Structure formats: C-alpha cells, structure tokens
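Encoded as structure tokens, the structure appears first; notes follow it.
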Amino acid sequence: MYLYRAVDSNGNILEFLLRPTRDAESAKCFFVKALASTARSASQACPISEQMAPPTTPTDTTIITPIPRVINVDKNAAYPKAIAELKATGMLAQHVELRQVKYLNNLIEQDHRFLKRLTKPGMGFFSFETAWRTIQGFEVMNMLRKGQVQGVNKGDVQRQATLVARLFGIVA
1402 MYLYRAVDSN
1412 GNILEFLLRP
1422 TRDAESAKCF
1432 FVKALASTAR
1442 SASQACPISE
1452 QMAPPTTPTD
1462 TTIITPIPRV
1472 INVDKNAAYP
1482 KAIAELKATG
1492 MLAQHVELRQ
1502 VKYLNNLIEQ
1512 DHRFLKRLTK
1522 PGMGFFSFET
1532 AWRTIQGFEV
1542 MNMLRKGQVQ
1552 GVNKGDVQRQ
1562 ATLVARLFGI
1572 VA
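Heads up, the sequence shown is in this note's numbering, so the first residue is 1402 and it goes up one at a time.
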C-alpha cells in the first residue's frame, strides 16, 4: 500500500489517496484527484484569472482546475510518466515543472511524520479497507488541528472539541 499526499507551500493538506500499488496509473489517479480538489478549494494564492484553466479532456470539459507552477515529488519513476500523460491529455498545463529533488520534498515528509508516528506502533494494517478508514480519520483530525476547517482556527481547542462533539452527536 502507498499513501499519496499533496501539501501546498503553506503546509496545508490539499489531498491524500491510499492505493494498493505505487505505479504510474496510481500516480495519475492521485494527480487528477488533487487537481480536482484544489479546484474546489476556496483559498488560492494567485488571482482567479491566473489560476484557472479548463482541461481539454474529451470526457468532461466543465471541470476547472487550478494550475500549479511546480510539483515537487520524490524520485519514483512513476511520477514523470503520470505527469507526461496529464500534459498530453491537457489536464495539466505544459509549463508546469516537475521537480524530483530529495530535499525539496521535505515539507511533505515533515507533514507526513505525524501519521507515521501514529501508525508505526500498530505494525501496519491487516486490510486495505482498515488502512483507508484509519488514515482518513487521522488526516481529517490533522487538518482540524492545523486550522484548515472553516470556523475553527489553529490552536482553538474549544472550537475543535465543539465541532467534533457536534459531528459525533456527543452531548457535553
């Protein structure tokens, strides 16, 4: 199993995807999902006129995707192939730079360490479904802790607790 994660330059989690394999098809699936989720995101760094471009895929031309300037990844051979396929289909702009430099990936690795700390004592997962559900919970709670939820600021433990209690129907 491999966990793909997209983190922006501010350390915010954009998207994550757990896949049974780490290959070009999985990488492409993750990039498509990450681009689609950032298109729905309200916080973007550049003006709307600069960030949006419609894809030219034959299946759906109504999706609008933000255009990243640079994508930093580790040195896995699947990433260049997946990015090339996305550029060929028009889902990713030709000017987007793919950087496979080890130290540039540190932001993702630093953000990922909390998850490793939580999952390592469990000695792994017995099924893909269990892994997916557990990691989803960890990622959502991390996004809440980092202040990525509307109406709940970073470090506001009272609002975090109130939100979690309301979501799970807990009476305080």
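Glycine included, each C-beta is placed from N, C-alpha and C at the ideal position. All of these numbers come straight from a predicted model, not from anything done at the bench.
With contacts defined as CB atoms closer than 8 angstroms, Ile-1536 and Leu-1404 qualify as a contacting pair.
Beta-carbon to beta-carbon, Lys-1476 and Lys-1434 are separated by about 22 angstroms, too far to satisfy the 8 angstroms threshold.
Taken atom to atom, the span from the alpha-carbon of Glu-1540 to that of Val-1558 is near 17 angstroms. In the DSSP annotation of this structure, Val-1558 is not part of any beta strand (DSSP E); the continuous alpha helix (DSSP H) holding it starts and ends at 1558-1569.
Between the alpha carbons of Gln-1561 and Arg-1500 lies a distance of about 36 angstroms.
Under the three-state reduction of DSSP output, Ile-1468 falls in the coil class, being neither helix nor strand. For Ser-1427 against Arg-1420, the beta-carbon gap comes to about 4 angstroms, under 8 angstroms, which counts as contact. Burial check for Arg-1406: the Cβ neighbour count within 10 Å reaches 16 or more, so the residue is buried.
Taken atom to atom, the span from the alpha-carbon of Gly-1538 to that of Asn-1413 is near 16 angstroms. Boundaries cannot be given for Phe-1526, as no alpha helix (DSSP H) includes it and DSSP labels it neither H nor E. The three-state reading of DSSP puts Ala-1478 in coil, since its state is none of H, G, I, E or B. Between Phe-1526 and Asn-1543, the C-beta spacing is not below 8 angstroms.
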